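Undergrad: In this note's numbering, the protein residues as written are 18 to 438.
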Amino acid sequence: MRCEMSNVRRQTADGRRETQGARRKAHGFKDRVFYALRFALYHYRLPFVVCLLLAVLFILLSSVSVCLAQADDARPFTALRRETYRVASGLFRVETPIPAWDSRDSLTVAPGARLWRLRSFEAGGTAYALCVNVETLKACVVQEEDVKSVGGVNVPEALASSETSQTSHTALPGGNGVEGISEVCRLGEGGQGSGGAEETPYGRALMRHARAPMMDEGKKGLVLTVDLCPSHRAWDRDLFDALREMRSGEKPLPVAVCISGAWVRHHSADFEQLLTWHREGALEVTFVNHSDTHPVGERGDFLNNAGVDFEAEVLNAEVTLLMHGAVPSPFFRFPGLVHSTARLEALARYGLILVDADHWPGRDHLATDRVPEGILLIHGNGNERAGVAWFFEMIRRTGMKEKLRDGAGRVISLAECARAE
Ligand SMILES: [Zn+2]
Numbered sequence: 018m019r020c021e022m023s024n025v026r027r028q029t030a031d032g033r034r035e036t037q038g039a040r041r042k043a044h045g046f047k048d049r050v051f052y053a054l055r056f057a058l059y060h061y062r063l064p065f066v067v068c069l070l071l072a073v074l075f076i077l078l079s080s081v082s083v084c085l086a087q088a089d090d091a092r093p094f095t096a097l098r099r100e101t102y103r104v105a106s107g108l109f110r111v112e113t114p115i116p117a118w119d120s121r122d123s124l125t126v127a128p129g130a131r132l133w134r135l136r137s138f139e140a141g142g143t144a145y146a147l148c149v150n151v152e153t154l155k156a157c158v159v160q161e162e163d164v165k166s167v168g169g170v171n172v173p174e175a176l177a178s179s180e181t182s183q184t185s186h187t188a189l190p191g192g193n194g195v196e197g198i199s200e201v202c203r204l205g206e207g208g209q210g211s212g213g214a215e216e217t218p219y220g221r222a223l224m225r226h227a228r229a230p231m232m233d234e235g236k237k238g239l240v241l242t243v244d245l246c247p248s249h250r251a252w253d254r255d256l257f258d259a260l261r262e263m264r265s266g267e268k269p270l271p272v273a274v275c276i277s278g279a280w281v282r283h284h285s286a287d288f289e290q291l292l293t294w295h296r297e298g299a300l301e302v303t304f305v306n307h308s309d310t311h312p313v314g315e316r317g318d319f320l321n322n323a324g325v326d327f328e329a330e331v332l333n334a335e336v337t338l339l340m341h342g343a344v345p346s347p348f349f350r351f352p353g354l355v356h357s358t359a360r361l362e363a364l365a366r367y368g369l370i371l372v373d374a375d376h377w378p379g380r381d382h383l384a385t386d387r388v389p390e391g392i393l394l395i396h397g398n399g400n401e402r403a404g405v406a407w408f409f410e411m412i413r414r415t416g417m418k419e420k421l422r423d424g425a426g427r428v429i430s431l432a433e434c435a436r437a438e
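1. Using CA atoms only, rank isn't needed, just tell me which of L369, G142, T385, V302 is closest to L245.
2. Ligand 1 heavy atoms versus the CB of P352: any closer than 7 Å?
3. Tell me, please, whether the segment 90–101 touches the segment 309–322 by the rule of three or more beta-carbon pairs shorter than 8 Å.
4. Go ahead and pull the three-state DSSP assignment for H453.
5. Just tell me which of L63, M263, A127 has its CA closest to the CA of I115.
6. How long is the line joining the alpha carbons of R436 and G353, rounded to whole angstroms?
7. From the DSSP output, in three-state form, read off Y52 for me.
8. What are the boundary residues of the alpha helix (DSSP H) that includes F257?
9. Could you give the first and the last residue of the continuous beta strand (DSSP E) run that contains V126?
10. Apply the 10 Å Cβ neighbour rule to H283 and answer buried if 16 or more other Cβ atoms are within range, or exposed otherwise.
11. Let me make sure I understand the geometry here. Which of G141, R264, W133, P389 has the alpha-carbon closest to that of C148?
12. Give me the Cα-Cα distance between F109 and A146, rounded to the nearest whole angstrom.
13. So does D244 have its beta carbon nearer than 7 Å to some heavy atom of ligand 1?
14. Say the cut is 7 Å; is the CB of L226 nearer than that to a heavy atom of ligand 1?
15. Is there at least one non-hydrogen atom of ligand 1 closer than 7 Å to the beta-carbon of H284?
16. Would L260 and L300 qualify as a contact pair, given that the criterion is a beta-carbon distance under 8 Å?
17. In terms of residues, what are the limits of the beta strand (DSSP E) holding V272?
18. Thinking just about the alpha-carbon of each residue, which of V325, F138, F56 is nearest to the one in L339?
19. Suppose you measure from the CA of E330 to the CA of T337; what does that come to, to the nearest Å?
20. For ligand 1, any of its heavy atoms closer than 7 Å to the Cβ of H307?
21. Can you list, in chain order, the residues of its chain whose CB lies under 6 Å from that of S265, leaving out five sequence neighbours each side?
22. Over what stretch of residues does the alpha helix (DSSP H) that includes A359 continue unbroken?
23. Between H376 and ligand 1, is there a pair consisting of the residue's CB and a ligand heavy atom that are separated by less than 7 Å?
24. Between T217, Y367, S346, which has its C-alpha nearest I276's C-alpha?
25. Is it buried or exposed for G368, if we count other Cβ within 10 angstroms and need 16 for buried?
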């Protein structure tokens, strides 16, 4: 015991000596720096002061440029608070330019644009609205105070505050299904007598596809959709590399990526890469909600299963996308393409347009010697390599890449497809 005690004392004393030595060393270094500065200031006063000023200026300029770069890339809505995320409504006519964000840019919504408010939420103490432009079907995030101050809510007060099921506000009229949305659309613009929101491309697409899934609509071209369902496998990066090389003239290829919240959370670096390609203009991505956890169900009934929290599946996927800097589009693809009439009507309550598929080559063994028309579904999550292989073979056999480059072939975006009558 005595031996151990003396060892401890010795170690403590050694430790103290080391600490004192280190302090002396640190003091010595400080002294030398101080002496060197005094020497430089005394003998080379002017050059020293000039150098010092230049160094300070350099530090200031570089920090300002870093701040500017960060501000440019900033997505203020990424700090959104989930508990504030609500289903919202209201049609706004923009009268003065207002700032907005989409998945690529900070932008300005021009006067004359009409925005349908899909969701409201708070981030960093500011209230935001996720909106869809009713003419272009493109989504953006704006500040609530901007839409309210420039356009005002045209909807009667009871409807304007009709954040559905989650709050104590007034529920949608005419039931909670398609009729409810129709009624809100009609009343939404009725106040100004300039036609109902159901008469806009967004309203028409919403109404049409609440009853019939969006299929066979891409007859003017091909709509590419790539599903990213949850997967432990690595994504099919070679598929995305091929898509980046397929440009229509100078334009990046439009591709709808139907993405689950779980995939984003488990593959955040890959998602960041996808978003970067979109922002750099290497791809024109439409981010489509493909549910949050993508439940399969014991009998393969997917979201039809009565035990599924449908609202959580819809909203949590959107929240995940927003928190990762992407703005979800007003489209939704059901996992497994499985949906009941009840689920279709429920979907319309969230203002989302259903997207099914005309071709699923990983399953339906489509011929590969011609470019298909309509909505094409390929999995890019590593789970269905047969579909990716089919796509590569189809490109090779049809010369699709060259056709696109020369303007002989056409791939259209989901929004274009939905706007087509
Ligand atoms: Zn899926």
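The C-beta atom is built at its ideal place from N, Cα and C for all residues, glycine as well.
All values reported here derive from a predicted model rather than from experimental measurement.
TA: Reading it off the structure:
1. V302
2. yes
3. no
4. Since the displayed the chain opens at 18 and closes at 438, residue 453 lies outside it and no answer follows.
5. A127
6. 25 Å
7. helix
8. 254–262
9. 123–126
10. exposed
11. W133
12. 11 Å
13. yes
14. The sequence shown places His at residue 226, rather than the Leu named in the question. Not under cutoff, so the answer is no.
15. no
16. yes
17. 271–276
18. F138
19. 11 Å
20. yes
21. L421
22. 358–366
23. no
24. S346
25. buried
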